[in-house]
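Working notes, beginning with the structure itself.
Numbering (full-length UniProt numbering), first residue to last: 1 to 567.
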């Protein structure tokens, strides 16, 4: 990557236009004047208090866990320096701790002008400031990162916000060519012009971020950052969604929705950039209605009377055919990209809504690919589907009605492995499955094969070490378990890893190292009840009663909260 600054010299107008878009504001340093009003928030589910204040470096968020008596049990804060999101819908904040980027559980939602929990925090058992942000997490917000090879989750952001090369590809050779004395033809420019490539390749550029299912599965060793504009994204990754036969509007479902539209299916020209110009003229409002009339030349054919259209929708086609709907993300409403005759249109035209217009819920959900797979070999299609199934199950997102389907998927993945499909992702996934089934020897062999073949710090390597640590504990090999858990603590920031390392140190009668490990677990998650309980017992046995009482009190209050939150 050469960076966007190198583009400005030759393309100043495009650079200036792009700088005014939301893509160019997708990540930025927090500005002192940007602290929203009403800088505190109490979550109704957990009763936790969240506070925000400005600092010289950015912003500080504080989380306080209160007992049933209102007394403070635990408190933590993090200094934040980076803001994600253009601000059109939300502001989410990142800070650094122990070399890792951390996402705050507190987000400012623009449409409701209030604080709320960040997406994914359920407000009941989420640990305090323990969500580590990976390079995959920031892919759709920042322009470039530089990651540590051994600890990929420890990375620096070298270019905040989405930049030129995300859509046009690397500009290194292009700039070098332009500075040379050679006369190059347009085909030799070594840069991607999205307007001059096939529609499916052009849409793939947008789909990097705007086509995301409930789970994804990629080709072996593929990383999101490996994608090059001009390629087909589906060559590398397949997105999956649960088909439950009913409408579900998700914040990143735009591409999937557009591809379901008859307007898209019946033309070869409609694409994302038809309506979303990447380099818009500053201050020029997009005349969406004119874009529609370009194909639908007779607006008089609309069944809604003109007077009603003007009164209710200002005669704007998209208001009816792409209505704003609530999303799966709290406090947000976005335009439905299924360009269609929705229920609202029938009602405005004083017509009854056809039964077929609203799909009924199916008896049982299915996991379906929402990106093209027909160009993939059958074994690769199956591999991605089965890995996605396992990933969904391990994340806890698999509906109970699909448990039997998952058992079938487990058997099918074993058969696929036996047929020779044995990349690291397949082996790590099977290692976890065999461990869950109590077949520890098989799980260990598979995990060891991954550790021996993969790079230290890769997601498959880390997953395999996790399996080996758990297997060693089951086999009562404390020294091996301690070694594996120590390695895990050096590759990721998880309170449970430090806690289990503490257990292993305690088993080896190494009291002080055990205390240090338990305390580090609490630094990551100060509400980890079991760590408080262990430390209370250790300090009591060591006759360090003051410290023992502190952890006893914290454990007692945390248990009381847990009981109070039970239905």
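All C-beta atoms, glycine included, are put in the ideal place defined by N, C-alpha and C.
These numbers come from a predicted model, not from an experiment.
Enumerate in chain order the residues of its own chain whose CB-to-CB distance from residue 98 is below 7 Å, with the five nearest sequence positions on each side excluded.
-> 493
State the Cα-Cα distance for the pair residue 104 and residue 188, rounded to the nearest angstrom.
-> 46 Å
With 16 as the cutoff for other CB atoms within 10 Å, does residue 557 come out buried or exposed?
-> buried
Best match in 334, 336 and 292 for proximity to residue 316 [C-alpha to C-alpha] = For the options 334, 336 and 292, the alpha carbon positioned closest to that of residue 316 is the one of 292.
To the nearest angstrom, how far is it from the Cα of residue 520 to the Cα of residue 279?
-> Cα to Cα, the separation comes out at about 48 Å.
Whose C-beta lies closer than 8 Å to the C-beta of residue 357 among residues of the same chain, with five residues either side of it excluded?
-> Interpretation of residue 357 is limited by its pLDDT of 46, a score under 50 that renders its predicted location unreliable; the figure taken from the coordinates is listed afterwards. Taken in chain order, the residues that qualify are 341, 342, 343 and 346.
According to DSSP, which residues form a beta bridge with residue 42?
-> In the DSSP output, where bridge partners are listed per residue, residue 42 has 49.
Examine the ligand ADP and report whether any of its heavy atoms sits within less than 7 Å of the Cβ of residue 18.
-> For the ligand ADP, the structure offers nothing, since it holds no ligand at all.
Would you kindly report the start and end of the unbroken beta strand (DSSP E) that includes residue 242?
-> 237-243
At least three beta-carbon pairs within less than 8 Å, the segment 436-455 to the segment 131-143 = no
Rounded Cβ spacing between residue 21 and residue 88 (contact assumed at less than 8 Å) = Not confirmed; about 11 Å, so no contact.
With residue 155 as the anchor, note down where its beta strand (DSSP E) starts and where it stops.
-> 155-159
Between the Cα of residue 325 and those of 172, 335 and 429, spot the shortest distance and give me the residue it belongs to.
-> Restricting attention to 172, 335 and 429, the CA atom closest to the CA of residue 325 is found in 335.
With distances taken from CA atoms, which of 554, 107, 222 and 217 is nearest residue 371?
-> 217
Measure the C-alpha to C-alpha separation of residue 5 and residue 271 and round it to an integer number of angstroms.
-> 28 Å
Per DSSP, what kind of secondary structure is residue 249 in: helix, strand or coil?
-> Bear in mind that a pLDDT of 47 at residue 249, under 50, signals an unreliable position, so the number given afterwards is only what the model happens to contain. In the structure shown, residue 249 sits in coil (DSSP, three-state: anything other than H, G, I, E or B).
Bridge partners - residue 75, DSSP secondary structure assignment | 64
Cα-Cα, which of 28, 193, 78 and 541 is closest to residue 50?
-> 78
Helix, strand or coil: which one does DSSP assign to residue 311?
-> Residue 311 carries a helical assignment under DSSP once its states are collapsed to helix, strand and coil.
Beta-carbon proximity list for residue 19, same chain, < 8 Å, skipping 5 on both sides | Result list for residue 19: empty, nothing under 8 Å.
List the DSSP bridge partners of residue 523.
-> None; residue 523 has no bridge partner.
Give the DSSP bridge partners of residue 114, in chain order.
-> 109
What are the start and end residues of each continuous alpha helix (DSSP H) run of 4 or more residues lying completely inside the segment 168-248, in chain order?
-> 172-179 and 199-210
What separation, rounded to the nearest whole angstrom, lies between the Cα atoms of residue 183 and residue 258?
-> 40 Å
Pull up the distance between the alpha-carbon of residue 525 and that of residue 276, whole angstroms please.
-> Each residue's alpha carbon lies about 42 Å from the other.
Hey, out of 237, 522, 86 and 214, whose CA is closest to residue 376's CA?
-> 237
Going by DSSP, what residues sit across from residue 102 in a beta bridge?
-> 95 and 132
Segment limits, beta strand (DSSP E) that includes residue 326 | 324-326
Pairwise C-alpha distance: residue 477 and residue 569 = The requested residue 569 does not occur in the structure, where the chain is confined to residues 1 to 567.
How long is the line joining the alpha carbons of residue 422 and residue 455, rounded to whole angstroms?
-> 16 Å
Identity of the residue in 433, 178, 424 and 310 nearest residue 406 by Cα | It is 433 whose Cα lies nearest to the Cα of residue 406.
Round the Cβ separation of residue 53 and residue 39 to the nearest angstrom and send it over; I've been treating them as touching at under 8 Å.
-> 6 Å
Assign residue 456 to one of three DSSP states: helix, strand, or coil.
-> It is coil, neither helix nor strand.
Inter-residue Cα distance where the pair is residue 444 and residue 549 = 41 Å
Which stretch, first to last residue, makes up the beta strand (DSSP E) that contains residue 503?
-> Segment 495-507 is the alpha helix (DSSP H) holding residue 503; no beta strand (DSSP E) there.
Going by C-alpha distance, which of 173, 222, 59 and 27 is nearest residue 140?
-> 27
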